[in-house]
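A.B. asks:
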Amino acid sequence: MRKGAPMSDTLSPSEPRAQIPDNLSEISYPYGLKKAPELGQTIEMAPGIHWLRMPLPYMLDHINLYLIEDGDGWVIVDTGVNTSKVRDLWETVFEGVMGGRPVTKVIVTHLHPDHVGLAGWLTRRFGVELWMSRTDYLMCRNLVLDTGTEAPEEGIRFYREAGFNDAQIERYRKRFGGFGKDVSAIPQSFRRLVGGQEMKIGGRTWRAIVGSGHAPEHICMYCPEAGVLLSGDQVLPRISSNISVQPTEPQADPLTDWLESCARIRDELPADTLVGPAHNEPFYGVKVRLQALIDEHEEDLGKLETMLAEPKKPNEVFSALFRRPITDDLVHMATGESLAHLNCLITRGRARRFMGEDGVARYVQLNREDAAA
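Quick note, the sequence shown lines up with residues 1 to 373 if you use the UniProt record's numbering.
Structure, rendered in structure tokens:
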């Protein structure tokens, strides 16, 4: 047991495999809410598919990783961040759960450090290939190259136009280039995963399903025979993944990409799919959850459009999208997500953007007559 952890928070490795519930019209958790394997241990949630949890040094303090039995070895899906604590826990897993058997592949769902952070360390240790989407691999390589560099003028202008004050700009300057601190050296080559691609793991077929919005080309791994989706951050049971516009593409519309991805994945998966998410706990009810995510964002877009009856700066619309106060620690995330919703309204012909005399952008409703003209 973890020191100081209530007994109800951790699960024994001998927990029974998940059973499909009778009611698939609501979300259910076969292992309960806020329960997880003990650090360094796993739960076999389906035959040959093991749920592993690692700590994160962030506000969101954990990530779920997955081990798939592959003949005499193991496939790892997502890796955790590059910290000594997580590396030490992996050593425990190698000798314990994995029984000293080798890793055959490392699959990474997307580019964020909690998922890709130890990909380089693991692939070098076992002499295996990294599998991920091309877009996320290349973007990850680019972000690592920014480590230790100064914030670019384009980024400063982006946040000025979004309404950042001097203190917030200075905070951005200090934080810029920090991506690489939680990421081990990325391999210089990789194997590309694309949507619809199939691979054999442990005698079963797994299919890559691509989603966009949270990451540019996010890979989920789906095994029809096992009825399991390893979803990364594409669908989480209680968290809505951050959908943000970044300074590198100020006019991007990731929310439209996200909504289209959610609808497509909802329609592709059977209702009785067991989802292994990157955060929270494994769950049933994937169709219900994906529809709820769509509905929540559509509701937020409606509230935002109503708020734009009068021109608003990006940092003046937070209350339409967030239920908690936005502190300085959250302002980057909140700004990126607000811009994603604003750009989505522009795509739909429901809002327009213009620059104020103070150099800060404003957004205002675009009524149907204006849009038609």
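The beta carbon of each residue, even a glycine, is placed where N, CA and C say it ideally should be.
For clarity, every value in this text was computed on a predicted model and none was experimentally measured.
For Trp74, which residues of its own chain have a beta-carbon under 8 Å away from its beta-carbon, when the five flanking residues on both sides are left out?
C.D. replies: Leu67, Ile68, Met98, Arg101, Pro102, Val103 and Thr104
A.B. asks: Considering only DSSP beta bridges, list what Asp70 is partnered with.
C.D. replies: Gly73
A.B. asks: Go ahead and label Ile186 buried or exposed: buried means 16 or more other beta carbons lie within 10 angstroms of its beta carbon, across all protein chains shown.
C.D. replies: buried
A.B. asks: Does the count of Cβ pairs from the stretch 75-85 and the stretch 52-61 closer than 8 Å reach three?
C.D. replies: yes
A.B. asks: Does Pro237 pass the burial test, meaning 16 or more other C-beta atoms within 10 Å, or should it be called exposed?
C.D. replies: buried
A.B. asks: Classify Gly127: buried if its beta carbon has 16 or more other beta carbons within 10 angstroms, exposed otherwise.
C.D. replies: exposed
A.B. asks: So what's Gly80 in DSSP terms, helix, strand or just coil?
C.D. replies: coil
A.B. asks: CB Cys344 to CB Leu301, shorter than 8 Å?
C.D. replies: With contacts defined as CB atoms closer than 8 Å, Cys344 and Leu301 qualify as a contacting pair.
A.B. asks: Let me confirm a value: Arg175 is counted as buried when at least 16 other C-beta atoms fall within 10 Å, else exposed. Which label applies?
C.D. replies: exposed
A.B. asks: Is it right to say Met320 is buried, meaning 16 or more other beta carbons lie within 10 angstroms of its own, or is it exposed?
C.D. replies: Sequence inspection shows Ala at residue 320; the Met mentioned does not correspond to that position. By the 10 Å Cβ count, Ala320 comes out buried.
A.B. asks: Report the rounded CA-to-CA distance for Ile219 versus Glu357, giving the unit in angstroms.
C.D. replies: 43 Å
A.B. asks: I need the straight-line Cα distance from Tyr172 to Glu298, nearest angstrom please.
C.D. replies: The straight-line gap from Cα to Cα measures roughly 30 Å.
A.B. asks: Going by alpha carbons, who is nearest to Val286 out of Tyr222, Gly202 and Val106?
C.D. replies: Comparing Cα-Cα distances from Val286 to each of Tyr222, Gly202 and Val106, the minimum goes to Tyr222.
A.B. asks: Under the rule that 16 or more other beta-carbon atoms within 10 Å means buried, what is Pro13, buried or exposed?
C.D. replies: exposed
A.B. asks: Please name the residue or residues paired with Ala351 in a DSSP beta bridge.
C.D. replies: Gln365
A.B. asks: Starting from Lys35, trace the alpha helix (DSSP H) in both directions and tell me its first and last residue.
C.D. replies: Here Lys35 belongs to no alpha helix (DSSP H), and DSSP marks it neither H nor E.
A.B. asks: For Asp358, name the three-state secondary structure that DSSP assigns.
C.D. replies: coil
A.B. asks: When the Cα atoms are used, what is the spatial distance from Val228 to Gln188?
C.D. replies: 31 Å
A.B. asks: Go through its chain and collect everything with a Cβ distance to Phe164's Cβ below 8 Å, but skip five positions before and after it.
C.D. replies: So the list reads Tyr172, Asn315, Val331 and Thr335, once near-sequence residues are dropped.
A.B. asks: Assuming contact is defined by CB atoms lying nearer than 8 Å, are Gly202 and Gly48 in contact in what I supplied?
C.D. replies: Yes, Cβ-Cβ distance for Gly202 and Gly48 is below 8 Å.
A.B. asks: Would you kindly report the start and end of the unbroken beta strand (DSSP E) that includes Ile201?
C.D. replies: Boundaries of the beta strand (DSSP E) harbouring Ile201: Glu198 to Ile201, taken from the DSSP string.
A.B. asks: Could you tell me the alpha carbon to alpha carbon distance between Ile20 and Val93, rounded to whole angstroms?
C.D. replies: Approximately 28 Å between the Cα atoms of the pair.
A.B. asks: Taking buried to mean at least 16 other C-beta atoms within 10 Å of its own C-beta, is Phe190 buried or exposed?
C.D. replies: buried
A.B. asks: Determine the burial state of Arg152: buried for a count of at least 16 other Cβ atoms within 10 Å of its Cβ, exposed for fewer.
C.D. replies: Position check: residue 152 holds Pro in this sequence, whereas Arg was assumed. Classification of Pro152: exposed, given that the 10 Å Cβ count is below 16.
A.B. asks: Tell me which residues share the same chain as Pro37 and place their Cβ nearer than 8 Å to its Cβ, disregarding the 5 neighbours each side in the sequence.
C.D. replies: Thr10, Leu11, Pro13, Ile43, Trp51, Leu52 and Arg53
A.B. asks: Would you be able to state if there are at least three C-beta pairs under 8 Å between the stretch 104-119 and the stretch 205-218?
C.D. replies: Verdict: yes, contact present.
A.B. asks: Return the chain-ordered list of same chain residues with a C-beta closer than 7 Å to the C-beta of Val144, the five sequence neighbours on each side being excluded.
C.D. replies: Phe179, Gly180, Val183 and Ile186
A.B. asks: For Gly302, which of helix, strand or coil comes out of DSSP?
C.D. replies: helix
A.B. asks: Which residues mark the beginning and the end of the alpha helix (DSSP H) in which Thr256 is found?
C.D. replies: Pro254 to Glu268
A.B. asks: What is the residue span of the alpha helix (DSSP H) that Leu229 lies within?
C.D. replies: Segment Val228 to Gly232 is the beta strand (DSSP E) holding Leu229; no alpha helix (DSSP H) there.
A.B. asks: In whole angstroms, what separates the C-alpha of Leu39 from that of Asp329?
C.D. replies: 28 Å
A.B. asks: Put Met307 into one of helix, strand or coil per three-state DSSP.
C.D. replies: helix
A.B. asks: Which one of Glu150, Thr147 and Ile76 has the shortest CA to CA distance from Trp121?
C.D. replies: Ile76
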